[in-house]
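In the numbering used here, the protein residues as written are 1 to 183. Written out below as structure tokens is the structure these notes cover.
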């Protein structure tokens, strides 16, 4: 499940417009989108623009799920996720790579690369929302950043998408405090 959650975060952050680390972020298009999907999923798979576009659509739906869950609106997150599960035809299957143990994977209705990842990400988020991770899906609390994350910390205290955003906020607080001391 953790791998699927990490893939969901990577796809949302790579393929949706918004703000990242204090700057506007425009999702890549065309060949750059294909490369962004490869990087997000850590794969060198032969991937076409149609599949990358499909995964960009999935990422937009997943973003709405993260945003709703982060705002404690699970009644909004669940229907969006259920629609994606139905659209992808998500189904579990035991698979094994040579020399590896059996693992549960989630396939889509047509087993294409994009539909399979859409099904897997949707299933991973569904398991999170229906389990112990429901309160651990978040949107970065830093100003001018809307990247998403899954809080896997022990104390469930994560607020930022990255240490870069956390450091930006800490530095701004320090500067503000220092300016107040100088006054």
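We treat Cβ as the ideally placed atom computed from N, Cα and C, and that holds for glycine. Here the structure is a predicted model, which is why all the values come from computation and not from measurement.
Would you kindly work out how many angstroms separate the C-alpha atoms of residue 63 and residue 5, rounded to a whole number?
12 Å
Go ahead and label residue 146 buried or exposed: buried means 16 or more other beta carbons lie within 10 angstroms of its beta carbon, across all protein chains shown.
buried
Relative to the C-alpha of residue 93, which candidate in 87, 29 and 108 has its C-alpha closest?
108
Cβ of residue 139 within 8 Å of Cβ of residue 66?
yes
Enumerate in chain order the residues of its own chain whose CB-to-CB distance from residue 1 is below 6 Å, with the five nearest sequence positions on each side excluded.
124 and 127
Where residue 3 falls, given that 16 or more other Cβ within 10 Å makes a residue buried:
exposed
Cβ contact check for the segment 27-47 and the segment 80-90: 3 or more pairs under 8 Å
no
Residue 51 classed as buried or exposed, judged by whether at least 16 other C-beta atoms fall within 10 angstroms
buried
How many angstroms separate the CA atom of residue 167 from the CA atom of residue 23?
15 Å
Classify residue 120: buried if its beta carbon has 16 or more other beta carbons within 10 angstroms, exposed otherwise.
buried
Excluding five sequence neighbours on each side, which residues of the same chain lie with their C-beta closer than 8 Å to the C-beta of residue 129?
65, 69, 74, 77, 78, 81 and 137
Report the residue ranges of all alpha helix (DSSP H) runs contained in full by the segment 94-176; include only those spanning at least 4 residues, in chain order.
113-129
Determine whether the Cβ of residue 82 lies closer than 8 Å to any Cβ atom of chain D.
As a matter of chain content, chain D is missing from the structure shown, which is built from one protein chain.
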